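S.K.: After the structure tokens below, expect a handful of questions from me.
Residue numbers (my numbering), protein chains in the order written: chain H, 3 to 162; chain R, 25 to 360.
Structural data, given as structure tokens:
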């Protein structure tokens, strides 16, 4: 048995969307706990316990859950995703903010962006919250370094 | 115990002042700590019976030169004083040079060669050639202590090596520069931009006239090199550190960080053999969130887990406190 903790958007049909891939891969759902009262940031934590016999199958199920928009937080109590808060200083918008976000999204997911532009000539500051697989943090840091060199930005990472 | 003080700037004077103020305490608990020579770039004051420390400070403050010390002052190089004046310990407190480590490096090596123990606050030689210094001290069978080189009054090197002996230190992170911490605290509290906060720090004498080493993170880098080598047994130099300073931090960045429950601090860290100095987001409720000119260091160890020390990272008397504790350690070792 495997316990999967995920976060879902609080919209009708979301739960159904994630159950489909589980049954498609032939895994048996043992229980589902849907904790609406613990909702935060528009997302509801859901705990699913499934019976799945091999690792390959589990991997495919997890991939499909992510494709359906679920954020996988923990597998058997172990963190899969972490929140990384980052402040970016520089000409954030003029250096193609869309491209910056797209490239971060290839590794993680920019969930929130808060931007202040004090004056067109001055450097702006942005706060980003990025959700990322714990084992992809190094890769993300490497991308920050690349973006710093390429776009003259400064990334200030959170300590953890 | 006979002491030579090499370098008579703010720190050297602080040491003299503390040795004077503590003279009765030292005599009662240990023995007389006698300063037999003080040098600066002009020359030296030498008296084997012990110098009058208040007079030495007065002469230096009035004339700018220690060689003007009545009768016992003369033009002589620090090297010659180290070689020729009989003493147990040399206190090396000339200004830190992070490029060559000189003249402190030569002063320290020369002291070892003339069989004198050394206490220093000087980051330069420690950050550039730690291994060489340790090996030379061993070769001449003398004690080499440098608690004051990192974190001022805050016990850090001796805490990790002696009090936490037996623990493996897995990582160290902290705020090791009071000037940058003051600037960031000021920017956060009053919404000032970097330039204004720096200007204020200069006016208050917290930042030096040329604050480059502080604000560009080099001072912190030198300190984490010293910690990596002396506490974690590495063999690093300042060139091995990835360094980013704080000059680009904006008040808006601090505002956004605050909104999410963070502050921004210049953090030096040693983790998985990597030495990094960079501004980081620190949770408001973290023990690393110390304000003003305070310094802080957090050790992660295998047995004791996390240990945090907070203290004053700079100031002549505060630095002299660390130097005095090293002098007492040497006195105790000599008595054994």
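Just so you know, even glycine gets a beta-carbon here, dropped at the ideal spot from N, CA and C.
The model shown is predicted, which means the values in this text are computed figures rather than measured ones.
Comparing the CB of residue 243 of chain R with every heavy atom of the ligand COA, is any distance shorter than 7 Å?
M.R.: This structure lacks the ligand COA, and indeed carries no ligand of any kind.
S.K.: Please state the DSSP three-state secondary structure of residue 286 of chain R.
M.R.: Of the three classes helix, strand and coil, the one that applies to residue 286 of chain R here is strand, per DSSP.
S.K.: Taking three-plus beta-carbon pairs below 8 Å as touching, is the region 66-77 of chain H in contact with the region 92-105 of chain H?
M.R.: Because the criterion of three Cβ pairs below 8 Å is not met, the region 66-77 of chain H and the region 92-105 of chain H do not touch.
S.K.: Is residue 68 of chain R closer than 8 Å to residue 90 of chain R when the C-beta atoms are compared?
M.R.: Yes; because the gap between Cβ atoms is below 8 Å, this pair is in contact.
S.K.: Tell me where the beta strand (DSSP E) around residue 25 of chain H begins and ends.
M.R.: Not the beta strand (DSSP E): residue 25 of chain H falls in the alpha helix (DSSP H), residues 16-26.
S.K.: Helix, strand or coil: which one does DSSP assign to residue 112 of chain R?
M.R.: In this structure, residue 112 of chain R counts as coil in the three-state DSSP scheme.
S.K.: Quick one: which chain H residues come within Cβ less than 7 Å of residue 303 of chain R?
M.R.: The contacting residues are 158.
S.K.: Once DSSP output is grouped into helix, strand and coil, what is the label at residue 2 of chain H?
M.R.: The structure shown does not extend to residue 2 of chain H, since chain H is modelled only from 3 to 162, so the question has no answer here.
S.K.: Would you be able to state if there are at least three C-beta pairs under 8 Å between the region 209-226 of chain R and the region 134-143 of chain R?
M.R.: Contact fails: fewer than three Cβ-Cβ distances are below 8 Å.
S.K.: What are the boundary residues of the beta strand (DSSP E) that includes residue 122 of chain H?
M.R.: Per DSSP, residue 122 of chain H belongs to no beta strand (DSSP E) and is neither H nor E.
S.K.: For residue 101 of chain R, name the three-state secondary structure that DSSP assigns.
M.R.: If DSSP states are grouped into helix, strand and coil, residue 101 of chain R belongs with coil.
S.K.: Below 8 Å on the Cβ atoms is my guess for residue 158 of chain H versus residue 112 of chain H; work out the distance and round it to an integer in Å.
M.R.: In fact, because the Cβ distance is near 15 Å, the residues do not count as touching under 8 Å.
S.K.: Give a yes or no on whether the minimum CB-CB distance between residue 276 of chain R and chain H is below 8 Å.
M.R.: Output row for residue 276 of chain R: interface = yes.
S.K.: Going by the beta-carbon positions, is the gap between residue 236 of chain R and residue 226 of chain R smaller than 8 Å?
M.R.: Contact: no.
S.K.: Report, in whole angstroms, the separation of the C-beta atoms of residue 261 of chain R and residue 127 of chain H, which I expect to be a contact under 8 Å.
M.R.: With 8 Å as the limit, residue 261 of chain R and residue 127 of chain H do not qualify as a contact, their Cβ atoms being about 34 Å apart.
S.K.: Helix, strand or coil: how does DSSP classify residue 129 of chain H here?
M.R.: Here residue 129 of chain H sits in strand by DSSP.
S.K.: Mind listing, in chain order, the continuous alpha helix (DSSP H) runs of no fewer than 4 residues lying wholly within the region 246-300 of chain R?
M.R.: The qualifying runs are 275-283.
S.K.: Going along the region 119-132 of chain H in order, which residues come within less than 9 Å of chain R, judged by CB to CB distance?
M.R.: Result list: 119, 120, 124, 125, 126, 127, 128, 129, 131.
S.K.: As a quick exercise: from R/204, R/279, R/196, pick the residue whose alpha carbon is nearest that of residue 297 of chain R.
M.R.: If we check each option's Cα against that of residue 297 of chain R, R/196 comes out closest.
S.K.: According to the neighbour-count rule (16 or more other Cβ atoms, all chains shown, within 10 Å of its Cβ), is residue 122 of chain H buried or exposed?
M.R.: By the 10 Å Cβ count, residue 122 of chain H comes out exposed.
S.K.: Taking all protein chains shown into account, decide if residue 32 of chain R is buried (16 or more other Cβ within 10 angstroms of its Cβ) or exposed.
M.R.: That one is buried.
S.K.: Determine whether the Cβ of residue 281 of chain R lies closer than 8 Å to any Cβ atom of chain H.
M.R.: Taking Cβ atoms only, chain H reaches closer than 8 Å to residue 281 of chain R, which makes this a yes.
S.K.: Can you tell me the Cα-Cα spacing of residue 163 of chain R and residue 209 of chain R, whole angstroms?
M.R.: Whole-angstrom Cα-Cα distance: 46 Å.
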